[in-house]
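What follows is a short report on a single structure.
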Amino acid sequence: DFLALRLVNGNDCAGRVEVFYNGTWGSVCSNSMSLLTAATMCKHLGCGDGGGIEADFKYGRGSGPTWLDHIECSEQHSSLWQCQSDPWDPQSCHNRAEETHIVCTGRKEATSPAAFAECPNSTSCSDREKLRVMGGEDECSGRVEMWHQGSWGTICDDAWDTADANVVCRQLGCGSAVSALREAAFGEGTGPIWLEKVHCKGTELSLWDCPAKPLFGQNCDHKEDAAVNCSGYKGLQTRSLLGHVILCLFPLRFHSDRPRRPATGSTRLPVPVILCIILGTLLCLVLAILARQIRRARAQHR
6 DFLALRLVNG NDCAGRVEVF YNGTWGSVCS NSMSLLTAAT MCKHLGCGDG
56 GGIEADFKYG RGSGPTWLDH IECSEQHSSL WQCQSDPWDP QSCHNRAEET
106 HIVCTGRKEA TSPAAFAECP NSTSCSDREK LRVMGGEDEC SGRVEMWHQG
156 SWGTICDDAW DTADANVVCR QLGCGSAVSA LREAAFGEGT GPIWLEKVHC
206 KGTELSLWDC PAKPLFGQNC DHKEDAAVNC SGYKGLQTRS LLGHVILCLF
256 PLRFHSDRPR RPATGSTRLP VPVILCIILG TLLCLVLAIL ARQIRRARAQ
306 HR
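Residue 81 in the working numbering is what sits at position 76 of the sequence shown, and the numbering runs on without skipping anything.
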């Protein structure tokens, strides 16, 4: 399940801290909690750059599980999910009096409806519009990035394979996957790393339908960003033989004018190039047969 953070029994910027994990809201234990960690939570929530820890527990007690304990954030962290902590459901904080309550120094700014009129911010956006690839030759190859909690982030390449890449390519409208790439093949991303250990079967319609582990802590860095190479091109939705013939004859209509990514030493040919070679070979064979038939007809007339 994807993660979320909230404050309850107070207001948007003050209350008892809860995180959403494994389908359930749960509390956060205050062991080793520092003012810097509280400030990071406030930044995450859009409630300013500072915050304090309430000791009188005036925001009540939780009733669900205690999901996190011993959270340690640094000044470089802008999101709670980037901080280190014990594993999920640590079983080390059974006293409700140890739940975390914070008060942030700032307030959430009122946002006009127009600010969320375009994707991926709009709640009406589809899953396809909350997924993108960056750093590749076109819109169908590159580093995989997903929109979550108000920012674009990458996916760790742990367990990343062709089945996962197939789902991404299909969701993007880019056909099937040619390859699932690891180790930041299209450059390192920035911002959070939202997921690791994605386990798609390859038949899912959306990456959101695949089992995955939300990344919490420092198990992965941007040197391990996952990437894909897809077989298709956006704008050429029909993968018919005629479509590939058109792509061969008029390739510039389906590619951007920006400089292409330098070759990386791989000898793999793109699928459209392979299809062009096959179609060219077949065309030569047809012309050869026609020439032979014409010669026979002329010989018979003599």
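Yeah, the Cβ is synthetic: ideal placement off N, Cα and C, and Gly gets one too. Remember, it's a predicted structure, so these values are computed and weren't measured experimentally.
Member of Met38, Asp74, Glu104 and Ala170 whose CA lies at the smallest distance from the CA of Arg148: Counting from one through the sequence shown, the residue named residue 148 turns up at place 143. Considering only alpha carbons, the answer is Ala170.
Residue nearest to Ile76 in terms of C-alpha spacing, selected from Leu280, Arg301, Asn36 and Cys289: Within the sequence shown, the letter at position 71 stands for residue 76. Cα-wise, what sits closest to Ile76 is Asn36.
Span of the alpha helix (DSSP H), counted from its first residue to its last, around His82: Within the sequence shown, numbered from 1, the residue matching residue 82 stands at position 77. Note, His82: premise wrong, no alpha helix (DSSP H); not H, not E.
Cβ contact (3+ pairs, closer than 8 Å) linking the segment 51-69 and the segment 173-185: no
Proximity below 8 Å, CB of Glu193 to CB of His227: Taking the first residue of the sequence shown as position 1, residue 193 is located at position 188. Taking the first residue of the sequence shown as position 1, residue 227 is located at position 222. Yes, these two residues count as a Cβ contact at 8 Å.
Assigned secondary structure, Gln89 (DSSP; H/G/I helix, E/B strand, else coil): Within the sequence shown, the letter at position 84 stands for residue 89. Note: Gln89 maps to strand in three-state DSSP.
N-terminal and C-terminal residue of the beta strand (DSSP E) that Val149 is part of: By one-based count along the sequence shown, residue 149 stands at place 144. Residues Ser146 to His153.
Those residues which DSSP pairs with Arg21 across a bridge: For the purposes of this step, residue 21 is taken as residue 16 along the sequence shown, with counting starting at 1. In the DSSP output, where bridge partners are listed per residue, Arg21 has Val13 and His106.
Span of the beta strand (DSSP E) around Ala185: Locating residue 185 in the sequence shown gives position 180, counting from the first residue. Counting along the chain, the beta strand (DSSP E) containing Ala185 begins and ends at Ala182 to Leu186.
Within 8 Å, strictly: CB atoms of Cys78 and Thr105: If you number the sequence shown from 1, residue 78 lands on position 73. If you number the sequence shown from 1, residue 105 lands on position 100. No. Outside cutoff.
Inter-residue CB distance, Trp93 and His153 (contact presumed, cutoff 8 Å): Your numbering for residue 93 matches position 88 in the sequence shown. Your numbering for residue 153 matches position 148 in the sequence shown. Not quite, the Cβ-Cβ distance comes to about 17 Å (not below 8 Å), so this is no contact.
Top-ranked residue by Cα proximity to Gly202, from Trp86, Asp230, Thr42 and Ile279: Numbered from its first residue, the sequence shown carries residue 202 at position 197. It is worth fixing the name first, because residue 202 is Lys in this sequence and not Gly. Comparing Cα-Cα distances from Lys202 to each of Trp86, Asp230, Thr42 and Ile279, the minimum goes to Asp230.
Inter-residue spacing [alpha-carbon to alpha-carbon] between His184 and Thr71: Taking the first residue of the sequence shown as 1, we reach residue 184 at position 179. Taking the first residue of the sequence shown as 1, we reach residue 71 at position 66. Looking at the sequence shown, residue 184 is not His but Ser. Answer to the nearest angstrom: the Cα atoms are 40 Å apart.
Burial state of His49 (16 or more Cβ within 10 Å): Counting from 1 along the sequence shown, the entry for residue 49 is found at position 44. His49 comes out buried.
Proximity of Leu41 and Glu80 at Cβ, strictly below 8 Å: On the sequence shown, position 36 is the one that residue 41 refers to. On the sequence shown, position 75 is the one that residue 80 refers to. Closer than 8 Å, so yes.
Given Cys225 as reference, the closest of Asp166, Gln87, Cys34 and Met38 once Cα atoms are compared: For this step, residue 225 is matched to residue 220 along the sequence shown. It is Gln87 whose Cα lies nearest to the Cα of Cys225.
Ile160 in three-state terms, based on DSSP: Your numbering for residue 160 matches position 155 in the sequence shown. Strand at Ile160.
In DSSP terms, what Cys179 is bridged to: For the purposes of this step, residue 179 is taken as the residue at position 174 of the sequence shown. None; Cys179 has no bridge partner.
Euclidean distance between Cα positions of Gly285 and Ala168: On the sequence shown, residue 285 is found 280 positions in, with the first residue counted as 1. On the sequence shown, residue 168 is found 163 positions in, with the first residue counted as 1. About 31 Å.
Selected residue, minimal CA-CA separation from Tyr26, among Ser39, Asp17, Cys18 and Arg11: Here residue 26 refers to the residue found at position 21 when the sequence shown is read from its first residue. Answer by Cα proximity: Arg11.
Nearest neighbour of Leu315, chosen from Gly141, Lys206 and Pro216 [CA to CA]: In the structure as shown, the chain begins at 6 and stops at 307. Residue 315 is therefore absent and cannot be evaluated.
Alpha-carbon spacing of Gly56 relative to Gly15, whole angstroms: Translated into the one-based positions of the sequence shown, residue 56 becomes position 51. Translated into the one-based positions of the sequence shown, residue 15 becomes position 10. Distance between the alpha carbons of Gly56 and Gly15: 14 Å.
Pairwise C-alpha distance: Ile279 and Arg303: Taking the first residue of the sequence shown as position 1, residue 303 is located at position 298. Taking the first residue of the sequence shown as position 1, residue 279 is located at position 274. If I take the Cα positions, the gap works out to 37 Å.
Distance CB(Gly237)-CB(Cys161) smaller than 8 Å: Reading the sequence shown from its first residue, position 232 is the one you call residue 237. Reading the sequence shown from its first residue, position 156 is the one you call residue 161. Cβ atoms of Gly237 and Cys161: not closer than 8 Å.
Integer-rounded CB distance, given that Cys34 should sit under 8 Å from Leu73: In the sequence shown, the residue the question calls residue 73 occupies position 68. In the sequence shown, the residue the question calls residue 34 occupies position 29. Correct: roughly 7 Å between the Cβ atoms.
Residue of Ser84, Asp163, Cys47 and Gly31 minimising C-alpha distance to His99: As a working note, residue 99 is residue 94 in the sequence shown. Nearest option by C-alpha distance: Gly31.
First and last residue of the uninterrupted alpha helix (DSSP H) at Leu40: Position 35 of the sequence shown, counted from the start, is the residue given in the question as residue 40. Unbroken alpha helix (DSSP H) run through Leu40: Leu40 to Leu50.
Which of helix, strand or coil DSSP assigns to Lys135: To locate residue 135, count along the sequence shown from 1; it is residue 130. Helix, per DSSP.
Distance between Ala9 and Val233 (C-alpha atoms, nearest Å): Here residue 233 is taken as the residue at index 228 of the sequence shown, counted from 1. Here residue 9 is taken as the residue at index 4 of the sequence shown, counted from 1. If I take the Cα positions, the gap works out to 27 Å.
Where Ser84 falls, given that 16 or more other Cβ within 10 Å makes a residue buried: As a working note, residue 84 is residue 79 in the sequence shown. Looking at its Cβ environment, which holds 16 or more other Cβ atoms inside 10 Å, Ser84 is buried.
Own chain, CB closer than 6 Å to Pro95, minus 5 neighbours either side, in chain order: Position 90 of the sequence shown, counted from the start, is the residue given in the question as residue 95. Contacts found: Asp74.
Helix, strand or coil at Thr208 according to DSSP, with G and I counted as helix: For this step, residue 208 is matched to residue 203 along the sequence shown. Note: Thr208 maps to coil in three-state DSSP.
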